[in-house]
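Residue numbers (the numbering used here), protein chains in the order written: chain C, 151 to 297; chain D, 151 to 297; chain Z, 11 to 115; chain L, 11 to 115.
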Ligand SMILES: Nc1ncnc2c1ncn2[C@@H]1O[C@H](COP(=O)(O)OP(=O)(O)O)[C@@H](O)[C@H]1O
Ligand SMILES: Nc1ncnc2c1ncn2[C@@H]1O[C@H](COP(=O)(O)OP(=O)(O)O)[C@@H](O)[C@H]1O
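Here it is, written out as structure tokens:
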């Protein structure tokens with residue numbers, strides 16, 4: 151689990167392919183069950199936003215870390231702002247989008263940086279606590295993996 | 151199937167992870183059954199060689215093409231030569247290695263280029279003929295996917 | 011009552027298609043039961059389809075019922091609070107029974 | 011006769027371990043049957059383990075028998091001609107029966 155990796159692929163319209171890749175990377179980074187599903191959904195939402203609101207061009211980079219995985223979604227158009235992230239609300243009537251809200255709700259950490267190449271959204275997800283023996287106390291009960 | 155993609159990851163000791171990624175990419179590129187398995191095995195052998203005989207550092211790049219997929223294995227040490235490829239023999243007694251022979255036997259195309267970054271082995275694999283309606287004649291019977 | 015089963019993965023590449031389908035299938039005043047047992051992935055655009063169907067239904071006093079959601083889709087319904095806002099059932103049979111009971115009462 | 015079942019994936023990261031295991035298990039003059047039914051991946055280094063076991067066996071007049079190979083491992087045995095060089099069986103039961111028959115004859 152400790153071997154580092156970095157994987158890069160372009161944002162493309164094939165969301166299912168990107169989901170499959172993220173799933174392989176997340177599993178390799180030690181995520182399982184619910185937390186793996188959450189990562190896949192969050193990345194899916196961020197990539198969809200690049201296709202819908204951004205320049206429809208960018209890249210997805212997944213990198214293993216000590217604690218789990220970081221997936222960076224780079225939007226070449228560079229129009230995703232901190233205001234968008236901060237303004238995200240959940241709206242169970244469905245009158246507004248809530249992709250950005252879901253991303254921030256599901257990930258352990260979300261950060262946004264404006265770079266020379268575009269806006270870079272970084273999603274952090276730690277290992278599933280329930281898979282780590284040291285954390286098998288309260289946290290383990292709070293976050294049971296699905297299986 | 152026609153959306154292009156390019157995916158890059160470093161050569162690492164975790165061969166199982168690289169196999170999983172290649173499998174996802176190959177499937178996305180339209181390979182199935184036997185031909186997908188062959189691609190995975192060929193890439194596994196090439197990466198193993200970088201770890202065993204090369205500098206243990208390099209990268210794997212997978213790219214979708216019109217006809218299938220190209221996977222490039224870059225060995226930073228740059229010592230893989232055409233002589234190695236040409237000299238590869240199968241030896242069913244197992245006295246010698248035959249990774250390079252297997253690679254050339256299983257892939258639709260193999261090429262080697264010395265670049266500034268190292269030796270670049272390119273493996274080409276076309277779509278499974280049996281999945282393409284136009285090719286469902288003799289070729290389709292010759293190469294049945296496993297399922 | 012319309013029972014609409016959604017299977018596989020719903021994302022932005024096919025959610026508009028799903029919306030069209032739902033609109034075509036539903037008759038006015040029908041309650042709608044979404045059978046999600048075979049749904050393996052649902053993104054926010056797919057969830058919008060369910061919610062916008064709920065709004066249309068509400069306009070003619072009908073409800074949308076969500077049944078048998080599993081895994082990732084079930085969790086999306088949960089974190090967004092949609093499973094509290096809309097009547098949600100463990101099985102489709104249960105959803106159907108409830109709608110039938112409401113009708114006859 | 012030793013029946014050695016190999017399951018999962020064998021690649022360069024664990025083939026040396028497999029070689030040690032095979033060497034430890036096998037008694038002199040034993041025929042070896044590799045039960046490959048649960049083997050999902052075999053690389054050339056893993057194939058080397060089978061072949062080097064066959065060479066050791068040959069030194070004391072025993073054989074290596076390959077049984078129940080599936081999918082990718084079966085194809086590697088095939089393209090390399092190993093499935094012609096070594097006795098190969100569709101099932102492990104068949105391999106065992108054959109070895110037993112050889113013994114009593
Ligand atoms: N990559 C992006 N580039 C520019 N604007 C974005 C991007 N992602 C999100 N936004 C803005 O943030 C808003 C909220 O996004 P989101 O919560 O995902 O819902 P939705 O995509 O359904 O509108 C979008 O409507 C858009 O204005
Ligand atoms: N990446 C590489 N760098 C340098 N030499 C290589 C590389 N790959 C293969 N070779 C050479 O080619 C030979 C044959 O390789 P191969 O057929 O894969 O069998 P094996 O790896 O079991 O020796 C190796 O023994 C090595 O000398």
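From the three backbone atoms N, C-alpha and C, an ideal C-beta is built for every residue, glycine too. Predicted model only: the values in this text are computed from it and were never measured.
Worksheet item: What residues from the segment 73 to 90 of chain L come within 7 angstroms of chain D, judged by C-beta to C-beta, listed N to C?
Response: Hits within the stretch, in order: 81, 82, 85, 86, 89, 90.
Worksheet item: Just how far apart, CA to CA, sit residue 90 of chain L and residue 252 of chain D?
Response: Take the alpha-carbon of residue 90 of chain L and the one of residue 252 of chain D: they are about 8 angstroms apart.
Worksheet item: Among residues of its own chain, excluding the 5 on either side of residue 104 of chain Z, which ones have a beta-carbon nearer than 8 angstroms to its beta-carbon?
Response: Listed in chain order, the non-local C-beta contacts of residue 104 of chain Z below 8 angstroms within the same chain comprise 77, local neighbours out to five positions each way being set aside.
Worksheet item: Do you know whose CA, among D:188, D:180, D:159, lies nearest residue 259 of chain D's CA?
Response: That would be D:188, whose Cα lies nearest to the Cα of residue 259 of chain D.
Item to complete: Please name the residues in the segment 169 to 186 of chain C whose beta-carbon is closer than 7 angstroms to at least one beta-carbon of chain D, in chain order.
Response: So the list reads 170, 171, 174, 178, given in the order they occur along the chain.
Fill in: Sequence-distant residues of the same chain with beta carbon closer than 6 angstroms to residue 29 of chain L, five excluded per side
In chain order, 59 place their CB closer than 6 angstroms to the CB of residue 29 of chain L, counting only its own chain and leaving out the 5 sequence neighbours on each side.
Worksheet item: What do you get for residue 35 of chain Z, buried or exposed, if any count of 16 or more other CB atoms within 10 angstroms of its CB means buried?
Response: Result: exposed.
Worksheet entry | Spatial distance of residue 169 of chain C from residue 178 of chain D (CA atoms) | Taking the straight line joining both Cα atoms gives about 12 angstroms.
Worksheet item: What three-state label does DSSP hand residue 171 of chain C in the structure shown?
Response: Taken through DSSP and simplified to helix, strand or coil, residue 171 of chain C comes out as helix.
Worksheet entry | Spatially closest choice to residue 17 of chain L from L:41, L:80, L:38, by CA coordinates | Proximity to residue 17 of chain L across L:41, L:80, L:38 peaks at L:80, based on C-alpha coordinates.
Practice prompt. Could you spell out where the beta strand (DSSP E) holding residue 50 of chain L opens and where it closes?
Written response: 49 to 52 is the extent of the beta strand (DSSP E) around residue 50 of chain L.
Worksheet item: Start and end of the beta strand (DSSP E) containing residue 196 of chain D?
Response: According to the DSSP assignment, residue 196 of chain D belongs to no beta strand (DSSP E) but to the alpha helix (DSSP H) extending over 183 to 202.
Worksheet item: Straight-line CA distance for residue 250 of chain C to residue 195 of chain C?
Response: Straight through space, the alpha carbons of residue 195 of chain C and residue 250 of chain C are spaced by roughly 7 angstroms.
Worksheet entry | Touch test, the segment 43 to 53 of chain L against the segment 19 to 26 of chain L, Cβ-Cβ under 8 angstroms, three pairs minimum | Yes, the segment 43 to 53 of chain L touches the segment 19 to 26 of chain L.
Worksheet item: Which whole-angstrom value is the C-beta distance of residue 243 of chain C and residue 61 of chain Z, which I expect to be below 8 angstroms?
Response: Going by Cβ atoms, the distance from residue 243 of chain C to residue 61 of chain Z rounds to 6 angstroms, so yes, they are a contact pair.
Worksheet item: Taking buried to mean at least 16 other C-beta atoms within 10 Å of its own C-beta, is residue 162 of chain D buried or exposed?
Response: The residue is buried, with at least 16 neighbouring Cβ atoms inside 10 Å.
Worksheet item: Measuring CA to CA, which of Z:39, Z:13, Z:66, Z:49 is closest to residue 245 of chain C?
Response: Residue Z:66 holds the alpha-carbon nearest to the alpha-carbon of residue 245 of chain C among Z:39, Z:13, Z:66, Z:49.
Discussion item. Going by C-alpha to C-alpha distance, which of C:220, C:255, C:207, C:257 sits closest to residue 175 of chain C?
Written reply: Out of C:220, C:255, C:207, C:257, the CA that lies nearest to the CA of residue 175 of chain C is found in C:220.
Worksheet item: Alpha carbon to alpha carbon, what distance is there between residue 262 of chain D and residue 185 of chain C?
Response: Pairing residue 185 of chain C with residue 262 of chain D, the inter-Cα distance amounts to about 41 angstroms.
Worksheet entry | Contact under 7 angstroms by Cβ, residue 86 of chain Z with residue 93 of chain Z | Not in contact: residue 86 of chain Z and residue 93 of chain Z (Cβ atoms no closer than 7 angstroms).
Worksheet item: In terms of residues, what are the limits of the beta strand (DSSP E) holding residue 45 of chain L?
Response: Note, residue 45 of chain L: beta strand (DSSP E), 42 to 45.
Practice prompt. Check residue 97 of chain L in the structure and name its three-state DSSP category.
Written response: Secondary structure of residue 97 of chain L (DSSP, three-state): coil.
Practice prompt. On a CA-only basis, which of D:241, D:216, D:192 is nearest residue 277 of chain D? Give me that one, please.
Written response: If we check each option's Cα against that of residue 277 of chain D, D:216 comes out closest.
Worksheet item: Mind checking whether the beta-carbon of residue 238 of chain D lies closer than 6 angstroms to any heavy atom of ligand 4?
Response: As for ligand 4, it is missing from this structure, which binds only ligand 1 and ligand 2.
Practice prompt. Using alpha carbons as the reference points, say which of C:203, C:275, C:156 lies closest to residue 234 of chain C.
Written response: With distances taken between Cα atoms, residue 234 of chain C lies closest to C:203.
Practice prompt. Would you mind sorting residue 38 of chain L into buried or exposed? The rule is 16 or more other CB atoms within 10 Å of its CB.
Written response: It is exposed - the Cβ of residue 38 of chain L has fewer than 16 other Cβ atoms within 10 Å.
Item to complete: Measure from the alpha carbon of residue 41 of chain Z to the alpha carbon of each residue in Z:72, Z:47, Z:100, then state which is nearest.
Response: By alpha-carbon distance to residue 41 of chain Z, the top candidate from Z:72, Z:47, Z:100 is Z:72.
Fill in: Check whether residue 214 of chain C and residue 275 of chain C have beta carbons under 7 angstroms apart
Taking 7 angstroms as the cut-off, the beta carbon of residue 214 of chain C is found no closer than this to the beta carbon of residue 275 of chain C.
Item to complete: Under 6 angstroms Cβ to Cβ from residue 98 of chain L, same chain only, skipping five residues before and after it: list those, please.
Response: 76.
Item to complete: Label residue 102 of chain L either buried or exposed according to how many other C-beta atoms from any shown protein chain fall within 10 Å of its C-beta, with 16 as the threshold for buried.
Response: Classification for residue 102 of chain L: buried.
Discussion item. For residue 151 of chain D, which residues in the same chain have their Cβ closer than 6 angstroms to its Cβ, ignoring the five residues on either side in sequence?
Written reply: Reliability of the predicted coordinates at residue 151 of chain D is poor, the pLDDT of 38 falling under 50, and the value obtained from them is presented with this limitation in mind. Answer for residue 151 of chain D: 180, listed in chain order.
Discussion item. Strictly by DSSP, which residues pair up with residue 220 of chain D?
Written reply: Answer is D:213, D:274, bridged to residue 220 of chain D.
Discussion item. In whole angstroms, give me the CA-to-CA distance for residue 70 of chain Z and residue 44 of chain Z.
Written reply: Answer to the nearest angstrom: the Cα atoms are 18 angstroms apart.
Worksheet item: Looking only at DSSP bridge pairs, what is residue 263 of chain C linked to?
Response: Paired residue(s): C:270.
Fill in: Per-residue burial, residue 297 of chain D [other beta carbons within 10 Å of its own, 16 or more giving buried]
Per-residue confidence for residue 297 of chain D stands at a pLDDT of 38, beneath the threshold of 50, marking its modelled position as unreliable; the derived number appears in the next sentence. Classification for residue 297 of chain D: exposed.
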